[in-house]
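With the working numbering, the residue at position 36 of the sequence shown is 51, and numbering never jumps. We put the beta carbon where it would ideally sit given N, CA and C, even for glycine.
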Amino acid sequence: MNLPNKLTVFRVILIIPFVLVMLGSHAQWGWFMALFGGIADYADLIALMIFVIASLTDMLDGKIARKYNLVTNFGKFMDPLADKLLVCAALICLIELDRIPSWIVIIIISREFIISGFRLTTGWSSPRTTGESSRRHSR
16 MNLPNKLTVF
26 RVILIIPFVL
36 VMLGSHAQWG
46 WFMALFGGIA
56 DYADLIALMI
66 FVIASLTDML
76 DGKIARKYNL
86 VTNFGKFMDP
96 LADKLLVCAA
106 LICLIELDRI
116 PSWIVIIIIS
126 REFIISGFRL
136 TTGWSSPRTT
146 GESSRRHSR
């Protein structure tokens, strides 16, 4: 497994602590408060830092894969999936915390499924997922 794919897998793994920190401190889970009670006041900031780190791995894995020609079928499949999982997890957490109405999240997630469905049925993929230069498509 090459470095970009490892970064993608790492991004998926980061979803677990992100969700635990986002929801654990607000839900007052007993086990969470016993283990991490000291960070409860900073939970939103810590969750934001985890989300930013995960987002940066998305940018980094794409740049590395294209620069060193490490684009793989696994990466083409898993990278967009990891992005969707991270964003959907964040949005669903925000619903649970009453910070965003559920109808907005339904619209956003529905759009993601529709676009993904179009890409699957038409065979179209963006230059970002194929490793092609965006300059080639701007001519």
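Check, Outcome
"What residues in its chain sit with their C-beta under 6 Å from that of residue 94, if we drop five residues either side in the sequence?", "23"
"Jot down the residue ranges of each uninterrupted alpha helix (DSSP H) in the region 35-90, minimum 4 residues, whole runs only, in chain order.", "45-51, 58-82"
"On the three-state DSSP scale, how would you describe residue 134?", "helix"
"Given a cut-off of 8 Å, decide if residue 89 and residue 62 are closer than it, judged by their beta-carbon atoms.", "no"
"Given this structure, state the Cα-to-Cα distance separating residue 149 from residue 131, to the nearest angstrom.", "Legend: pLDDT at residue 149 = 45, less than 50; position of this residue unreliable, value from coordinates given subsequently. Computed Cα separation, rounded: 20 Å."
"For the putative contact between residue 58 and residue 36, defined by C-beta atoms under 8 Å, what is the C-beta separation to the nearest angstrom?", "5 Å"
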